[in-house]
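Number of protein chains: 2
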Amino acid sequence: MAIGHALLGLLEGGPRHGYDLKRAYDERFGQHRPLAYGQVYSTLSRLLKNGLVAEAGVEAGDGPERRRYAITDAGVTDVERWLGTPEKPEPYLQNTLYSKVVLALLSGRSATDVLDVQRSAHLGTMRELTRRKADGDLADQLICDFALFHLEADLRWLELTAARLDKLAAEVGK
Amino acid sequence: MAIGHALLGLLEGGPRHGYDLKRAYDERFGQHRPLAYGQVYSTLSRLLKNGLVAEAGVEAGDGPERRRYAITDAGVTDVERWLGTPEKPEPYLQNTLYSKVVLALLSGRSATDVLDVQRSAHLGTMRELTRRKADGDLADQLICDFALFHLEADLRWLELTAARLDKLAAEVGK
DNA sequence: AGCACTATACACACCGTGTATACACCCGAT
DNA sequence: ATCGGGTGTATACACGGTGTGTATAGTGCT
């Protein structure tokens, strides 16, 4: 629900219509992948259904109609709760890389290859992010650093796992 | 598609029915959150639709009917491609934490609180994982280490961001 | 009769993508 | 001068993947 909450947060600054929200979102959060228009409206309709936003009039000004949406009290409460609640690190436990290694071992394929492919891909990504970070503003730098820290974490895990492959193979084989 | 691929991988060991797959999955990959039955069958039906598995007979043995599924050649090819393709680190760029901090700053709330809440939750999770890691087998240890490395990465980012909050606030305010 | 276990099916909700639609405005070609 | 096409604004809708919850149905045990 991160995107829904982000849109709600933007609506706290005043009522807006969908197209406008998309641009505001891209400017603030979408540096690395702009929001699709479709997603804006489907998200808005869900927020509307759940009573977190309300329609605030239809302007038929220059160009096509604009449906303005305003955040409701329930919406503000929801943003507040979202900001006050820590993100759960479940995704870190649902580890696709680990699944790949185990399946490679189970099926007699090379688990080392799996690790190597991932490592070299990550190293390439890190070079690119380091470049992007160099000529970005502080916001860009923070986003890149976040990704870089996590890529480093992946690399540490890849090394650790590579060093334990024999023992893991024995354990999986049982 | 991680779960679909994991099920395909398990089917490489021979045809199985859904209930059996669920248990095999939980044993190998589901330590930290067992697979819901519903998901097994909906995933299987998608694999069937895409021709990656095929029905391999219905046994009406003890108890209810069992539909056995076998992996197809297309399925094996698909597993192979999955194992040979590195995972994209996009999720690290779509950073919910960053969104929270920016929205807190935009709405005049305390971004420090957001960071603090997340940090103390992470520290608690890390203590728990360290405990779990101590009395697990190698597979558990690797899973816990993966999560721990990423939690550390989050913590590093939280510290970095906390130290830059004033500058970020100025940049966002523009 | 009630409960637990095995096994599947189905309806539903969320999230995201792609495509169609509609209006307005500008600009060049006829 | 006007016709048509491209561009920008704005929304709606249908669809696909993913995951959850619930219903169903048979078997065996107590």
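Chain order of the listed sequences is A and B.
Taking full-length UniProt numbering, the leading residue of the first sequence gets 1, the next gets one more, and so forth.
Taking full-length UniProt numbering, the leading residue of the second sequence gets 1, the next gets one more, and so forth.
Idealized CB from N, CA, C, for every residue including glycine.
Segment limits, alpha helix (DSSP H) that includes residue i
i, result
"Ala-153 of chain B", "138-173"
"Gln-39 of chain B", "37-49"
"Arg-4 of chain A", "Note on identity: in this sequence residue 4 of chain A is Gly, with Arg being the wrong assignment. Residues 2-11."
"Pro-91 of chain B", "90-93"
Exposed unless 16 or more other CB atoms sit within 10 angstroms - verdict on residue i
i, result
"Tyr-25 of chain A", "buried"
"Lys-22 of chain A", "buried"
"Leu-123 of chain A", "exposed"
"Arg-127 of chain B", "exposed"
"Arg-16 of chain A", "buried"
"Asp-137 of chain B", "exposed"
"Val-79 of chain A", "buried"
"Ala-153 of chain B", "buried"
"Ser-99 of chain A", "buried"
"Val-58 of chain A", "exposed"
"Asn-50 of chain B", "exposed"
"Ala-170 of chain B", "exposed"
"Ala-147 of chain A", "buried"
"Ala-6 of chain B", "buried"
"Thr-125 of chain A", "buried"
"Gly-13 of chain B", "exposed"
"Asp-135 of chain B", "exposed"
"Gly-108 of chain B", "exposed"
"Thr-43 of chain A", "buried"
"Tyr-37 of chain B", "exposed"
Extent of the continuous beta strand (DSSP E) run through residue i
i, result
"Arg-66 of chain B", "66-71"
"Glu-55 of chain B", "53-59"
Coarse secondary structure for residue i, derived from DSSP in three states
i, result
"His-17 of chain B", "strand"
"Arg-131 of chain A", "helix"
"Ser-99 of chain B", "helix"
"His-32 of chain A", "coil"
"Arg-109 of chain A", "coil"
"Thr-77 of chain A", "helix"
"Thr-125 of chain B", "helix"
"Glu-87 of chain A", "coil"
- [ ] Give the residues from the region 156-173 of chain A that approach chain B closer than 7 Å (Cβ to any Cβ), ordered along the chain.
- [x] For chain B, the residues of the region 156-173 of chain A that bring a beta carbon within less than 7 Å of one of its beta carbons are Arg-156, Trp-157, Leu-160, Thr-161, Arg-164, Lys-167, Leu-168, Glu-171, in chain order.
- [ ] Mind checking the region 56-90 of chain A against chain B and listing, in chain order, the residues whose C-beta falls within less than 9 Å of any C-beta there?
- [x] Val-79, Glu-80, Trp-82, Leu-83, Gly-84, Thr-85, Pro-86, Glu-87, Lys-88, Pro-89, Glu-90
- [ ] Select from the region 135-153 of chain A all residues with a C-beta closer than 8 Å to any C-beta belonging to chain B, and list them in chain order.
- [x] Going along the region 135-153 of chain A in chain order, one finds Asp-137, Leu-138, Ala-139, Leu-142, Ile-143, Asp-145, Phe-146, Ala-147, Phe-149, His-150, Leu-151, Glu-152, Ala-153 with a Cβ nearer than 8 Å to chain B.
- [ ] Please list the residues of the region 101-119 of chain B that have a C-beta atom closer than 8 Å to any C-beta atom in chain A, keeping them in chain order.
- [x] Val-102, Leu-103, Ala-104, Leu-106, Ser-107, Arg-109, Asp-113, Val-114, Val-117, Gln-118
TODO: Output, in sequence order along the chain, the residues in the region 122-135 of chain A whose CB is closer than 8 Å to any CB in chain B.
DONE: If the cut-off is 8 Å between Cβ atoms, the region 122-135 of chain A has His-122, Thr-125 near chain B.
Task: Members of the region 13-44 of chain A near chain B, C-beta cut-off 9 Å - done: Gly-13, Arg-28, Phe-29, Gln-31, His-32, Arg-33
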